[in-house]
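Heads up, the thing below is written out as structure tokens.
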Amino acid sequence: MIEASSVSLALNNKKILDDISVSIAPNEFVAVMGANGAGKSSLLSLLSADQTANDGSIRLNGVEISDYKKRQLAMLRAVMPQHSTLSFPFKAWEVVAMGRTPFPQFTREKERSIALEMLSLVDAALLSEREFPSMSGGEKQRVQLARVLNQILSSEESERYLFLDECTSSLDPAHQHTVFKLLAKLKSEKLGIIAIVHDINLAAQYCDRVVLLKEGKLFMDRSTAEVLTPNIVKEAYGLNAVSIGHPEGQWNVIAAAVNAVD
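And the structure:
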């Protein structure tokens with residue numbers, strides 16, 4: 012389990028996160044949501060140990076996260092940042108193979124075979140021989156997702172975590188659902204998934220819980236059904252919305268009202 016207790020973060024004397032306590036367990040798919048500037052990426056960076064909190068503590072599987080060596084940490088969690096730049100002409104499968112850097116290496120052909128499996132998971136196998144810089148934004152995003160999946164699924168640790176910062180922001184609707192359906196399935200493999208999500212309806216359909224931030228504070232931390240309501244959406248985002256029962260599912264669709272903003 013990841014447990015953050017009263018964590019705060021300030022940058023250049025500006026409070027970014029203020030006294031946040033939250034926990035994420037394996038077998039859970041948690042959406043981190045909130046308006047622009049609410050502190051979502053900052054919270055993700057603290058929970059994944061990419062940044063250090065000014066106050067409070069974060070424990071990963073019962074151990075202070077700062078006590079882990081980098082290699083140990085890489086076997087327990089993988090992080091997909093919002094933006095990834097790579098200008099060298101690596102092929103897609105080579106980028107994906109980089110995810111196994113913390114682990115004992117196989118032959119080049121075996122590494123390529125594993126990378127192809129990961130690319131197939133995100134419907135990107137046909138990109139395997141393409142050079143990364145030549146790809147579209149959505150193609151790059153799927154390749155980077157395959158890379159972090161390669162990292163975390165190579166781990167034999169009993170409890171692992173995957174951090175995703177807007178991992179579908181450049182994807183078309185079909186690939187967004189491909190990815191979220193995959194993630195919802197993978198959580199059953201002792202994998203805790205923490206994803207920054209802007210699409211309310213993707214979160215409603217696939218995520219178990221929403222950690223909702225507002226102005227650097229924890230606004231709500233409850234099930235998706237409890238959080239993603241018109242009243243809460245109005246309070247968190249300033250968006251007038253309506254809720255419509257989905258004819259094929261147990262969740263509601265949140266749609267912008269005719270007068271979406273005041």
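Under the working numbering, read the sequence shown as residues 12 to 273, first letter to last. Glycine is no exception: its CB is placed at the ideal position from the N, C-alpha and C atoms.
Nearest by alpha-carbon distance to residue i: which of the options is it?
{"i": "Arg88", "options": "Leu127, Lys26, Pro113 and His257", "result": "Pro113"}
{"i": "Arg70", "options": "Ala36, Arg111, Ala103 and Lys25", "result": "Ala36"}
{"i": "Ser234", "options": "Lys228, Gly249, Gln216 and Asn251", "result": "Gln216"}
{"i": "Gly149", "options": "Glu120, Lys201, Pro184 and Gln116", "result": "Pro184"}
{"i": "Lys51", "options": "Gln83, Phe174, Gly260 and Pro258", "result": "Phe174"}
{"i": "Leu22", "options": "Leu130, Asn65 and Ser254", "result": "Asn65"}
{"i": "Asp176", "options": "His94, Ala60 and Asp78", "result": "His94"}
{"i": "Gly110", "options": "Pro100, Ile125, Leu213 and Leu138", "result": "Ile125"}
{"i": "Ala85", "options": "Glu170, Asn251 and Gln187", "result": "Glu170"}
{"i": "Thr96", "options": "Pro115, Pro144, Glu122 and Ile211", "result": "Pro144"}
{"i": "Ser16", "options": "Ile76, Leu239, Arg123 and Asp61", "result": "Ile76"}
{"i": "Ala271", "options": "Glu259, Leu55 and Ala252", "result": "Ala252"}
{"i": "Thr240", "options": "His257, Glu259, Val264 and Glu168", "result": "Val264"}
{"i": "Gln83", "options": "Trp262, Ala60, Pro92 and Ser98", "result": "Ala60"}
{"i": "Asp232", "options": "Leu250, Lys25, Lys26 and Val33", "result": "Val33"}
{"i": "Leu339", "options": "Val154, Lys81, Leu20 and Lys25", "result": "With the chain covering 12 to 273 only, the question about residue 339 has no answer from this structure."}
{"i": "Arg244", "options": "Gly260, Ile211, Gly256 and Lys228", "result": "Just to set this straight, residue 244 is Val in the shown sequence, not Arg. It is Ile211 whose Cα lies nearest to the Cα of Val244."}
Flag this pair as yes or no: are the beta carbons of residue i and residue j separated by less than 8 Å?
{"i": "Tyr172", "j": "Ile13", "result": "yes"}
{"i": "Leu58", "j": "Ile205", "result": "yes"}
{"i": "Val43", "j": "Leu28", "result": "no"}
{"i": "Gln162", "j": "Cys178", "result": "no"}
{"i": "Ala49", "j": "Glu226", "result": "yes"}
{"i": "Leu224", "j": "Gly45", "result": "yes"}
{"i": "Val222", "j": "Val159", "result": "no"}
{"i": "Leu213", "j": "Phe191", "result": "yes"}
{"i": "Leu132", "j": "Leu182", "result": "no"}
{"i": "Arg123", "j": "Trp104", "result": "yes"}
Which same chain residues end up closer than 8 Å to residue i when comparing Cβ atoms and leaving out the 5 residues on each side of it in sequence?
{"i": "Tyr73", "result": "Residue 73 is actually Gly in this sequence, not Tyr. Cβ within range, chain order: Met12."}
{"i": "Val41", "result": "Ile35, Gly203, Ile204, Ile205, Ala206, Cys218, Asp219, Arg220, Val221 and Val222"}
{"i": "Ala136", "result": "Leu127 and Leu130"}
{"i": "Asp273", "result": "Gly249 and Asn251"}
Quick check: what's the CA-CA separation for residue i versus residue j?
{"i": "Ser166", "j": "Tyr248", "result": "38 Å"}
{"i": "Glu142", "j": "Phe101", "result": "5 Å"}
{"i": "Ala266", "j": "Asn47", "result": "19 Å"}
{"i": "Gln187", "j": "Asp78", "result": "36 Å"}
{"i": "Val4", "j": "Phe99", "result": "Nothing in the structure corresponds to residue 4, since the chain is present only between 12 and 273."}
Which same chain residues end up closer than 7 Å to residue i when comparing Cβ atoms and leaving out the 5 residues on each side of it in sequence?
{"i": "Leu164", "result": "none"}
{"i": "Ser198", "result": "The sequence given here places Lys at residue 198; Ser does not occur at that position. Excluding sequence neighbours, Lys198 sits near Asn38, Glu39, Phe40 and Ile204."}
Within 8 Å of any Cβ in chain D, is that where the Cβ of residue i sits?
{"i": "Tyr79", "result": "Annotation note: the requested chain D is absent from the structure, which comprises a single protein chain."}
Leaving out the 5 sequence neighbours to the left and right, which residues in its chain are closer than 6 Å to residue i when beta-carbon positions are compared?
{"i": "Asp134", "result": "Thr189"}
Every unbroken alpha helix (DSSP H) within the region 113 to 174, with a cutoff of 4 residues, ordered by chain: 119 to 132 and 148 to 165
Any beta strand (DSSP E) of 3 or more consecutive residues that is wholly inside the region 171 to 243: 171 to 176, 202 to 207, 220 to 225 and 228 to 234
Ranges of the alpha helix (DSSP H) found wholly within the region 23 to 83, counting only runs of at least 4: 51 to 58
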